[in-house]
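Residue numbering for the sequence shown follows UniProt numbering, beginning at 658 and increasing consecutively.
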Amino acid sequence: RAKATHGVQLCQYEYGMDEVARKRRSMAADLRDAIAANDLSLAYQVQRSLVTNEVTGYEALARWHHPVAGWIAPQEFISVAEESGCIIELGDCVLRRACREAVLWPEPYRVAVNLSPVQLTRPILATTVAEILLETGLPPSRLELEITETALIADKASALHILRQIKAMGVSIAIDDFGTGYSSLETLHSFPFDKIKIDRSFVMESDRSEQARAIIRAVIALGSTIGMPVLAEGVETEAQLEMLRSEGCSEAQGFLLGRPSLSGPVLNEQIRTLQVVANSS
Ligand code: C2E
Ligand code: MG
Ligand code: MG
Ligand code: MG
Numbered sequence: 658r659a660k661a662t663h664g665v666q667l668c669q670y671e672y673g674m675d676e677v678a679r680k681r682r683s684m685a686a687d688l689r690d691a692i693a694a695n696d697l698s699l700a701y702q703v704q705r706s707l708v709t710n711e712v713t714g715y716e717a718l719a720r721w722h723h724p725v726a727g728w729i730a731p732q733e734f735i736s737v738a739e740e741s742g743c744i745i746e747l748g749d750c751v752l753r754r755a756c757r758e759a760v761l762w763p764e765p766y767r768v769a770v771n772l773s774p775v776q777l778t779r780p781i782l783a784t785t786v787a788e789i790l791l792e793t794g795l796p797p798s799r800l801e802l803e804i805t806e807t808a809l810i811a812d813k814a815s816a817l818h819i820l821r822q823i824k825a826m827g828v829s830i831a832i833d834d835f836g837t838g839y840s841s842l843e844t845l846h847s848f849p850f851d852k853i854k855i856d857r858s859f860v861m862e863s864d865r866s867e868q869a870r871a872i873i874r875a876v877i878a879l880g881s882t883i884g885m886p887v888l889a890e891g892v893e894t895e896a897q898l899e900m901l902r903s904e905g906c907s908e909a910q911g912f913l914l915g916r917p918s919l920s921g922p923v924l925n926e927q928i929r930t931l932q933v934v935a936n937s938s
């Protein structure tokens, strides 16, 4: 196959592309069905304060178990959803479910929900957020929306307008995967963020790379100068956690602190309650 002549390779390449497009179309159709049937689930990953060690909230991460293909990575189905347009339904569905579940959590915990750039191109988003908050009864201060830098670039003025409306309700906005987009500082300057989430690639490199540590330090300093807390993603080791704490990072999230879990905080609380009951009897 690989040793084929140039012409044949080109043919196979085109066939391959066709096959990829076909698979994505069929995945999009299945995804639409799954959304309509409310078949997506949410995994929750804990976020902790590095100052008090307290849980500050949980990030909601979409999960899809395909009836034939099994679990599909969010990176894959989110991009299919964006391409095919059903990201709007998916986004609404994730937001509604996250708010409905978060209202049952212990009082101070916030829920962080990822937004797609595509959702930010639709002025109706602000109304949808308001409706979902009203319908679920979640106080706006307990909702945080995460937006990646690339999300904001297409129509900046319109995205800014939508974000300002959402912020005015008391919902907070975090810039996700900070440092990996191509205009981080400009984005940070133009949009009303409440928190910086430094991308996990810097945290991962930090064990081996002084430069990665220097970048983390600089982002934390930047955050503190402009009054924005910094959360570090992808913390996997005690060494990373210690480094972040000593650099003055505000919050952390990562496998060390907790893997994304389908049961989420409600079940954890129930288990704790059961343990307390068991221990006291
Ligand atoms: P993200 O928002 O940056 O989410 C964090 C990702 O890092 C999650 O992957 C999480 O499982 C992973 N992660 C957390 N801690 C660690 C760690 O210590 N080590 C490593 N190696 N990874 C860690 P996941 O769940 O596969 O999600 C990937 C991306 O998919 C998310 O990145 C987000 O951009 C997107 N995504 C997930 N759910 C949604 C959603 O409901 N809506 C939208 N628009 N995007 C979503
Ligand atoms: Mg995120
Ligand atoms: Mg992230
Ligand atoms: Mg990411």
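Glycine included, each C-beta is placed from N, C-alpha and C at the ideal position.
Since the model is a prediction, treat every value here as computed from it, not as a measurement.
Pick from L688, A935 and L752 that is closest to W728, judged by C-alpha positions: Start at 1 with the first residue of the sequence shown, and residue 728 comes out as number 71. That would be L688, whose Cα lies nearest to the Cα of W728.
Output needed for S858: all residues of its chain with C-beta closer than 7 Å, excluding positions within five of it in sequence on either side, in chain order. Stepping through the sequence shown from its first residue, residue 858 is reached at position 201. Within the same chain, S858 has close Cβ partners T837.
Would you tell me roughly how many angstroms separate the C-alpha atoms of G905 and P763, rounded to the nearest one? Numbered from its first residue, the sequence shown carries residue 905 at position 248. Numbered from its first residue, the sequence shown carries residue 763 at position 106. Looking at the two C-alpha atoms, the distance is approximately 26 Å.
Drop a sphere of 10 angstroms on the beta-carbon of M826, count the other beta-carbons inside from all chains shown, and report buried for 16 or more, exposed for fewer. Taking the first residue of the sequence shown as 1, we reach residue 826 at position 169. Result: exposed.
If we count the other Cβ atoms within 10 Å of its Cβ and call it buried at 16 or more, is R767 buried or exposed? As a working note, residue 767 is residue 110 in the sequence shown. Its Cβ being crowded by 16 or more others within 10 Å, R767 is buried.
Closer than 8 Å is the cut-off here; do at least three beta carbon pairs connect the segment 858 to 868 with the segment 793 to 813? no
Since S815 is in the alpha helix (DSSP H), which residue starts that stretch and which ends it? Within the sequence shown, numbered from 1, the residue matching residue 815 stands at position 158. That run of the alpha helix (DSSP H) goes K813 to A825.
Does the separation of the CB atoms of V876 and V887 fall below 8 Å? Here the question's residue 876 lines up with position 219 in the sequence shown. Here the question's residue 887 lines up with position 230 in the sequence shown. Against a cut-off of 8 Å, the Cβ pair of V887 and V876 comes out as a contact.
Taking the straight line between their C-alpha atoms, what separation do you get for S920 and G794? Here residue 920 refers to the residue found at position 263 of the sequence shown. Here residue 794 refers to the residue found at position 137 of the sequence shown. Taking the straight line from one Cα to the other gives about 21 Å.
Which residues in the same chain have their Cβ closer than 6 Å to the Cβ of N771, if we skip the five residues on either side of it in sequence? Your numbering for residue 771 matches position 114 in the sequence shown. Cβ neighbours of N771 beyond the five flanking positions: E803.
By how many angstroms is the C-alpha of A769 removed from the C-alpha of residue 610? Here the chain has residues from 658 to 938 only, and residue 610 is not among them.
Using a Cβ-Cβ cutoff of less than 7 Å, which residues in the same chain neighbour I789 once the five nearest sequence positions on both sides are dropped? Your numbering for residue 789 matches position 132 in the sequence shown. Within the same chain, I789 has close Cβ partners L752, R753 and C756.
Cβ-based neighbour list, S918, same chain, cut-off 7 Å, excluding 5 preceding and 5 following: By 1-based counting over the sequence shown, the position of residue 918 is 261. Result list for S918: A700 and Y701, in chain order.
Quick check on this structure: which residue in V708, S741 and I830 has the alpha carbon closest to the alpha carbon of S683? The sequence position of residue 683 within the sequence shown is 26, counting from 1. Comparing Cα-Cα distances from S683 to each of V708, S741 and I830, the minimum goes to S741.
Need the endpoints of the beta strand (DSSP E) that F835 sits in, please. Locating residue 835 in the sequence shown gives position 178, counting from the first residue. It spans S829 to F835 - the beta strand (DSSP E) in which F835 sits, taken as one unbroken run.
8 Å CB neighbourhood of V665 in its chain, flanking five on each side removed: Within the sequence shown, residue 665 is the residue found at index 8, counting from 1. Confidence is the limiting factor: at V665 the pLDDT is only 49, short of 50, which leaves the residue's position unreliable and the question unanswerable from this model.
Report buried or exposed for E733, applying the criterion of at least 16 other Cβ atoms within 10 angstroms of its Cβ. Here residue 733 is taken as the residue at index 76 of the sequence shown, counted from 1. When all chains shown are included, E733 counts as exposed.
Rounded C-beta distance between I744 and Q776? I'm assuming under 8 Å. On the sequence shown, position 87 is the one that residue 744 refers to. On the sequence shown, position 119 is the one that residue 776 refers to. At roughly 7 Å, the Cβ-Cβ gap stays under 8 Å, so I744 and Q776 are in contact.
DSSP beta-bridge partners of G714: Counting from 1 along the sequence shown, the entry for residue 714 is found at position 57. DSSP output for G714 lists Q704 and R767 as bridge partner(s).
Among A871, I853 and E890, which has the Cα closest to the Cα of S881? The sequence position of residue 881 within the sequence shown is 224, counting from 1. Here the closest residue by C-alpha is I853.
Just grab the DSSP bridge partners of T784 for me. The residue labelled residue 784 in the question sits at position 127 within the sequence shown. The partner list for T784 (beta bridge, DSSP) is empty, contrary to what the question assumes.
Cβ of N695 versus every heavy atom of ligand 1: is any distance shorter than 7 Å? The residue given as residue 695 occupies position 38 in the sequence shown. Flag unset: Cβ of N695 not near ligand 1.
Does the distance from the C-beta atom of V828 to that of P797 stay below 8 Å? Residue numbering aside, residue 828 sits at position 171 when the sequence shown is read from its first letter. Residue numbering aside, residue 797 sits at position 140 when the sequence shown is read from its first letter. Their beta carbons are under 8 Å apart, which means V828 touches P797 by this criterion.
Could you name the residues, in chain order, whose CB is less than 6 Å away from a heavy atom belonging to ligand 3? D833, D834, K854 and E890
In this structure, how does DSSP classify H663 when only helix, strand and coil are distinguished? What you label residue 663 is simply residue 6 of the sequence shown in a count that begins at 1. A caution first: H663 carries a pLDDT of 49, below 50, which makes its placement in the model unreliable, though a value can still be read off. Helix, per DSSP.
Output yes or no for whether 8 Å exceeds the beta carbon distance between L761 and V923. Residue 761 sits at position 104 when you count from the first residue of the sequence shown. Residue 923 sits at position 266 when you count from the first residue of the sequence shown. Cβ distance < 8 Å, so L761 and V923 count as in contact.
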